[in-house]
Structures are given as C-alpha cells and as structure tokens.
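Each residue of the sequence shown is one higher than the one before, counting from 1 in UniProt numbering. Using N, Cα and C, we set each Cβ at its ideal position, and we do this for glycine too. Comments concern the structure below.
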Amino acid sequence: MSKLFFKGRIETRQNHVMSGYNVNRDVKAGTEGAPINIVVPTELRKDEIATIAQEHSIIANITVDESQDENTIELDTLLNKAKPTVFEKRLNRNDPCNCGSGKKYKKCCA
1 MSKLFFKGRI ETRQNHVMSG YNVNRDVKAG TEGAPINIVV PTELRKDEIA TIAQEHSIIA
61 NITVDESQDE NTIELDTLLN KAKPTVFEKR LNRNDPCNCG SGKKYKKCCA
C-alpha cells in the first residue's frame with residue numbers, strides 16, 4: 001500500500017480537502033472571477049474609487065452606505081503590493097576586487 005492511502009470515511013476526507021486556505025492561483029482578486037467589495041459613504045467618493053479602479057484595471061463592487069464606515073482595504077492592498085527585496089551580490093574572497101586593482105578581494109581590500 002502507498003503512504004497516500006486514506007483510511008477512513010471518504011466523505012470526511014472530501015470535506016477536509018474542500019476547506020482551508022484558497023490556493024487557487026488562477027483567480028486573482030480584482031478580476032471578473034473575484035471582484036473586490038468596497039463600501040463608501042457618499043456618491044462622490046464612489047465616483048473617485050471607480051476612477052481609481054478603472055485606471056488600474058480592477059473590477060470592484062462599490063456599495064454606498066452612509067451607516068457603515070468606509071472600507072477600502074482590498075483596494076489598498078491591490079494598489080500597494082509588496083515588492084521583493086533585491087540584495088546586491090556580496091563579494092566572495094576569491095572574486096576580483098571591486099576597487100579595480102586586479103587582485104583577489106582577500107589580498108586587496110578584505
């Protein structure tokens with residue numbers, strides 16, 4: 001038998017597989033498959049948000065509700081994506097020195 005053989009009720013296994021974190025990378029927030037939901041207090045603010053969403057090609061469901069606070073967290077998250085940090089290559093001991101002497105780094109500037 002393989003290690004992946006499931007012992008137990010199959011309906012329990014299916015419920016477990018269907019729940020949990022969404023790892024479906026095909027559906028991104030702000031597309032037709034998963035529009036973002038935004039709540040704003042006024043029609044003027046709705047027009048501003050709609051313009052911003054259209055500029056960035058984001059599909060959003062904007063609701064005007066004066067009784068609720070403004071909720072634009074999903075839009076802010078899409079607009080301010082974290083960028084990966086890129087580090088400079090660190091010199092190894094046997095690499096040529098960056099001062100231009102032609103010597104190895106370990107014998108020149110180390």
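Reduced DSSP secondary structure (H/G/I, E/B, other) of residue i
| i | result |
| --- | --- |
| Thr63 | strand |
| Ile36 | strand |
| Lys104 | strand |
Of the residues the options, the one placed nearest residue i, counting alpha carbons only
| i | options | result |
| --- | --- | --- |
| Glu43 | Ser57, Val64 and Cys109 | Val64 |
| Ile59 | Lys106, Gly33, Lys103 and Tyr105 | Gly33 |
| Asn37 | Thr72, Gln54, Asn92 and Leu78 | Thr72 |
| Glu74 | Pro84, Gln68 and Ile62 | Ile62 |
Neighbour-count burial assignment, residue i, 16 or more Cβ in a 10 Å radius
| i | result |
| --- | --- |
| Val40 | buried |
| residue 178 | Because the chain in this structure spans residues 1 to 110, residue 178 falls outside the shown range and cannot be described. |
| Ala82 | exposed |
| Glu30 | Looking at the sequence shown, residue 30 is not Glu but Gly. Gly30 is buried by the Cβ-count criterion. |
Where the alpha helix (DSSP H) through residue i begins and ends
| i | result |
| --- | --- |
| Ile49 | Glu43 to Glu55 |
| Glu88 | Where Glu88 is concerned, there is no enclosing alpha helix (DSSP H), given that its DSSP letter is neither H nor E. |
| Glu74 | Ile73 to Leu79 |
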